[in-house]
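Mapped onto the working numbering, the consecutive letters of the sequence shown carry residue numbers 3 to 641. Data first, discussion second: the structure below is written as structure tokens.
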Amino acid sequence: MKDGWNERVVYGISRLTDYDIYLFREGNHWSLQDKLGSHPMTVEGSEGTLFAVWAPNAKRVSVMGDFNGWDCSAHPLAPRWDSSGIWEGFVPGVGKGCLYKYHVSNGDFRAEKGDPFALWWEEPPRSASVVWSPEHVWNDGMWMRERASRNALDAPFSVYEVHLGSWRRRYGALLSYRDLAEELVPYVRDMGFTHVQFLPVMEHPFYGSWGYQCIGYFAPSSRFGTPEDFMALVDRFHQEGVGVILDWVPSHFPVDGHGLGLFDGTHLFEYADPRKGFHPDWNSYIFDFGKGEVRSFLISSAIFWLERYHADGLRVDAVASMLYLDYSRKDGEWIPNEFGGRENLEALQFLRRLNEAVYERVPEAQTIAEESTAWPLVSRPTYVGGLGFGMKWNMGWMHDTLSYFSRDPIFRKYHQNQLTFSLMYAFTENFCLSLSHDEVVYGKRSLFSKMPGDDWQKGAGLRLLFGYMFGHPGKKLLFMGGEFGQWQEWYHEEGLHWELLGFRPFDGILRWVMDLNWYYRNRPSLYRRDFSWEGFQWVDFTDTENCVLSFLRCDGPERTLVVCNMTPVPRFNYRLGVPGGGFWREALNSDAAEYGGSGIGNTGGATAEPIPWHGQSMSLSVALPPLGVLFFEGSSSHA
3 MKDGWNERVV
13 YGISRLTDYD
23 IYLFREGNHW
33 SLQDKLGSHP
43 MTVEGSEGTL
53 FAVWAPNAKR
63 VSVMGDFNGW
73 DCSAHPLAPR
83 WDSSGIWEGF
93 VPGVGKGCLY
103 KYHVSNGDFR
113 AEKGDPFALW
123 WEEPPRSASV
133 VWSPEHVWND
143 GMWMRERASR
153 NALDAPFSVY
163 EVHLGSWRRR
173 YGALLSYRDL
183 AEELVPYVRD
193 MGFTHVQFLP
203 VMEHPFYGSW
213 GYQCIGYFAP
223 SSRFGTPEDF
233 MALVDRFHQE
243 GVGVILDWVP
253 SHFPVDGHGL
263 GLFDGTHLFE
273 YADPRKGFHP
283 DWNSYIFDFG
293 KGEVRSFLIS
303 SAIFWLERYH
313 ADGLRVDAVA
323 SMLYLDYSRK
333 DGEWIPNEFG
343 GRENLEALQF
353 LRRLNEAVYE
363 RVPEAQTIAE
373 ESTAWPLVSR
383 PTYVGGLGFG
393 MKWNMGWMHD
403 TLSYFSRDPI
413 FRKYHQNQLT
423 FSLMYAFTEN
433 FCLSLSHDEV
443 VYGKRSLFSK
453 MPGDDWQKGA
463 GLRLLFGYMF
473 GHPGKKLLFM
483 GGEFGQWQEW
493 YHEEGLHWEL
503 LGFRPFDGIL
513 RWVMDLNWYY
523 RNRPSLYRRD
533 FSWEGFQWVD
543 FTDTENCVLS
553 FLRCDGPERT
563 LVVCNMTPVP
573 RFNYRLGVPG
583 GGFWREALNS
593 DAAEYGGSGI
603 GNTGGATAEP
613 IPWHGQSMSL
623 SVALPPLGVL
633 FFEGSSSHA
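Rendered as structure tokens:
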């Protein structure tokens with residue numbers, strides 16, 4: 003027997019240095035997956051796998067799997083000599099594709115745990131980790147060279163939000179990552195979206211959680227294929243010029259017995275006190291952000307997806323639940339911080355460090371916060387006291403806008419402030435306007451069904467909503483199905499209702515969204531100055547009687563005039579002040595017949611007249627279609 007070998011396990015082999023351990027404990031190790039987990043390798047001519055797992059309070063840890071008949075005594079791991087709490091061991095003969103779990107014991111506690119750093123898992127409901135080392139030859143070099151400009155804050159961002167398991171199905175079955183590369187990629191490309199965003203693809207035991215109860219922070223879900231298959235999907239999107247954003251959940255994790263909870267018989271990854279460590283809304287554990295090891299685990303996961311899988315951004319879920327200790331809790335159900343406040347200071351520190359790490363390692367990526375409160379400076383740098391995110395979802399805009407558009411037009415004149423209020427704070431953050439999956443489930447109705455009136459009015463109202471959204475400052479996000487006006491709420495157990503296409507008004511809505519996307523991408527005034535007053539100017543927000551809003555989007559000399567008629571009554575000879583003379587081309591009209599509209603428009607545009615109006619020296623007289631939005635272009639020579 004060789005030195006350092008017993009019959010089954012080799013000890014004393016490690017990928018961890020003393021510096022790794024220091025960074026791990028401090029919370030500043032950003033590549034832990036390269037050190038912990040399972041790693042196929044060759045030791046003294048013998049092929050096998052090195053296992054390493056953090057379980058500082060365990061009395062015994064062993065690795066069990068299909069290679070040893072799931073015998074929990076066959077391959078014990080050894081604790082490191084440095085009191086780091088890491089157990090290690092090299093098991094000869096174990097290679098890529100082998101199934102395994104860690105058997106962890108601590109007194110009366112016995113558990114079979116999946117590997118927190120597993121790169122692949124069995125398909126649920128099976129729960130073993132898989133020894134894996136993804137290998138993919140990337141062909142997205144052009145995108146990677148350009149992605150800093152593609153993902154920049156002054157670039158167009160029109161995001162198509164997708165749940166992979168229900169975008170489309172084949173005879174009721176899920177499409178694989180490879181199938182999606184053939185079907186989803188060209189659809190998103192042709193529709194003109196600049197980015198796609200996936201609800202969490204990280205492995206999750208319960209499909210009905212939509213991925214938000216994540217258990218595999220370094221593994222794409224095996225429901226759709228292998229890690230290489232998912233890499234191929236991202237690669238294909240990039241080859242077609244579409245960026246990929248991933249939902250990522252650092253706030254909480256499920257209580258499944260093979261997961262992170264009570265990992266070594268103690269509350270290792272989660273806060274021990276349930277008033278801080280258990281989430282009442284989701285029945286899940288909350289990460290202990292005060293532990294450096296947990297921060298290292300999460301930051302490593304974030305950077306892993308951006309580097310290894312070439313993701314272009316992370317939409318960070320449930321940020322508000324992380325920031326507030328009393329989130330969804332009553333008096334007496336939460337613990338104040340050391341100063342007596344309701345802020346989770348440890349989570350605050352973690353989020354700032356997370357964003358600093360991401361923008362240091364992958365500066366061309368974006369982090370996007372789903373944060374629903376008025377917490378200040380979410381998308382401002384940490385050095386000025388911000389959280390450091392690149393963008394923030396504008397939940398207030400979403401709520402007010404959908405409330406307004408759900409009203410019968412006869413009452414809208416009393417609620418126009420729901421639309422104008424967003425401009426009071428539009429430039430306090432780098433906002434993304436999101437019409438997400440959360441707004442079309444649990445009885446909230448689909449976007450199409452939220453619109454009042456008959457089917458024609460619903461279709462016109464939805465086209466108007468999208469046109470208003472694309473004109474309004476901020477990046478854009480639309481959940482799948484909304485782009486063609488699916489009438490039924492989203493249901494994760496079935497595909498979208500594609501059979502609606504070919505019928506009015508659904509095919510017209512689809513064409514409208516496609517044309518909006520492509521026009522938006524090619525019109526810098528609609529995106530380049532999204533986060534500054536320099537990019538926006540009201541024409542008139544006071545015409546509550548007619549329910550008309552008009553404003554300009556600006557980029558240097560380029561001006562785009564956006565006019566919204568929020569009622570089904572057409573307005574003829576409607577006068578609008580403009581900042582320049584000449585001909586203003588009608589570039590888009592949501593009421594055009596090709597979109598299912600009535601065809602009321604301005605025969606190509608209107609010529610400005612020297613009639614002062616709305617504080618301008620020139621004005622246009624135009625026809626406003628019912629429940630319609632118009633985009634006019636003013637030429638740079640007269641703007």
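The beta-carbon is built from N, C-alpha and C at its ideal position, and this holds for glycine as well. Since the structure is predicted, the reported quantities are computational estimates derived from the model, not experimental observations.
- In the three-state reduction of the DSSP assignment, D249 falls in the strand class, which pools E and B.
- DSSP, reduced to helix, strand and coil, places W336 outside both helices and strands of the structure shown, so it counts as coil.
- In the three-state scheme derived from DSSP, where H, G and I count as helix and E and B as strand, L79 is classed as coil.
- Between the C-alpha atoms of S552 and L264 there is a straight-line separation of about 57 Å.
- Excluding sequence positions up to five before and after R172, its CB lies within less than 8 Å of the CB of D181, all in the same chain and listed in chain order.
- Per the Cβ contact rule, the region 131-144 is not in contact with the region 459-477 (fewer than 3 Cβ pairs under 8 Å).
- With a cutoff of 8 Å on beta-carbon distance, L528 and R555 are scored as near each other.
- By the C-beta criterion, the region 538-549 is judged not to be in contact with the region 442-457, since fewer than 3 inter-stretch pairs fall below 8 Å.
- Per DSSP, the beta bridge partners of I370 are R317, M393.
- Spatial neighbours of I301 in its own chain (CB-CB distance under 6 Å, excluding positions within 5 residues in sequence) are listed in chain order as W32, L356, A359.
- Straight across, the Cα-Cα distance linking A304 with L316 is about 8 Å.
- Note on geometry: alpha-carbon atoms of G469 and A113 lie some 54 Å from one another.
- W284 and D509 have their C-alpha atoms roughly 38 Å apart.
- Assignment of G636 by DSSP, reduced to helix, strand and coil, places it in the strand class.
- For the pair F289 and D258, the Cα-to-Cα distance works out to about 15 Å.
- A distance of 8 Å or more separates the beta carbons of N524 and M193.
- In this structure, the beta-carbon distance from H254 to H494 does not fall below 8 Å.
- Taking all protein chains shown into account, K37 has 16 or more neighbouring C-beta atoms within 10 Å of its C-beta and is therefore buried.
- Membership of P188 in the alpha helix (DSSP H) is indicated by the continuous run 179-193.
- Across the structure, G227 and V65 are spaced so that their CA atoms are roughly 25 Å apart.
- A contact is defined here as three or more CB-CB pairs under 8 Å, and the region 113-123 meets this definition with respect to the region 38-48.
- Assignment of alpha helix (DSSP H) within the region 488-542, counting only whole runs of 4 or more residues, yields 508-523 in chain order.
- If you ignore the 5 residues before and after Y179, its C-beta comes within less than 7 Å of the C-beta of F226, G227, D231, F232, A234, L235, all in its own chain and listed in chain order.
- Annotation: the continuous alpha helix (DSSP H) that includes N357 extends over 347-363.
- Fully contained in the region 549-622 is no alpha helix (DSSP H) run of length 4 or more.
- Apart from sequence neighbours up to five positions away, the residues of its chain that approach K278 with a beta-carbon distance below 6 Å are I337, ordered along the chain.
- Assigned with DSSP and collapsed to three states, I217 falls in coil, not helix or strand.
- Going by C-alpha positions, W514 is about 26 Å away from M393.
- DSSP places R149 in the helix class (H, G or I) of the three-state scheme.
- Of the residues L201, N153, L512, V139, the one whose Cα lies closest to the Cα of W169 is L201.
- Spanning the alpha carbons of F481 and S438 requires a straight line of approximately 5 Å.
- According to DSSP, Y326 shares a beta bridge with E345.
- The DSSP-derived three-state label of G294 is helix.
- Among the bridge pairs identified by DSSP, P378 is matched with none.
- Within its own chain, the residues whose Cβ lies closer than 7 Å to the Cβ of K415, once the five positions on either side in sequence are excluded, are T546, E547, C549, listed in chain order.
- Annotation for M43: the continuous beta strand (DSSP E) segment containing it runs 39-45.
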